[in-house]
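Everything in the sequence shown is counted per the numbering used here, starting at 1 for the first residue and increasing by one. Note that the Cβ used here is the ideal one computed from N, Cα and C, for glycine as well. If you're wondering where the values come from, they're calculated on a predicted model, not measured in any experiment. Remarks on the structure that follows.
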Amino acid sequence: MEEKQWNILTLSEQPERIEAAAAWFHEKWNIPQQVYRESMEQSKECPKKIPQWYIAVGQDGRILGGLGVIENDFHKRQDLRPNICAVYVEKAWRGQGMARALLAYACTALAEMGEKEVFLLTDHVGFYEVCGWEFWCMAEELNGGRARVYRKALK
């Protein structure tokens, strides 16, 4: 059996990685690094509450993928919470199950926190459905645009 080339880490349990993770997410999504850092620091203070951040790291310690769980991902539907956000996998690592594994890891953690459902906003069609998510609605984003909202029931 082939050894997995990456592992998923919970940033609230690995606070020494927060600065590198905040820089990595900023590079991918162009949201200020300080916004990520503050959310990640908050997760460290309350490791069994939202927000939470998860990264997939290679054997050399480099971040290869990641996602966050926050209350609201810049949309006007406050009732649709919590939200998975900032899902990203480096191009060289796509198609190897990393995004699915990150999503499953986050969903398991949310279920353990007592959450019954989780949402995410995306413009991707197809991927999340294959991963067991259902299209829920369209939501107005804070910037005035509209985004597809997906929902997943948690066990």
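DSSP bridge partner residues for Y150 (one or two, in chain order): L120 and F135
Meets three-Cβ-pair contact criterion under 8 Å: the stretch 97-113 and the stretch 33-45: no
Residues that DSSP places opposite C46 in a beta bridge: Looking at the DSSP assignment, C46 forms no beta bridge with any residue, so it has no partner.
Selected residue, minimal CA-CA separation from Q59, among N30, K155, E115 and N7: N7
Counterpart residues of I8 in DSSP-defined beta bridges: A56
Proximity winner among L154, W29, D123 and W133, relative to E140 (alpha-carbon distances): D123
K152, buried or exposed, once every other Cβ within 10 Å from all chains shown has been counted against 16: buried
Helix, strand or coil at E71 [DSSP, three-state]: coil
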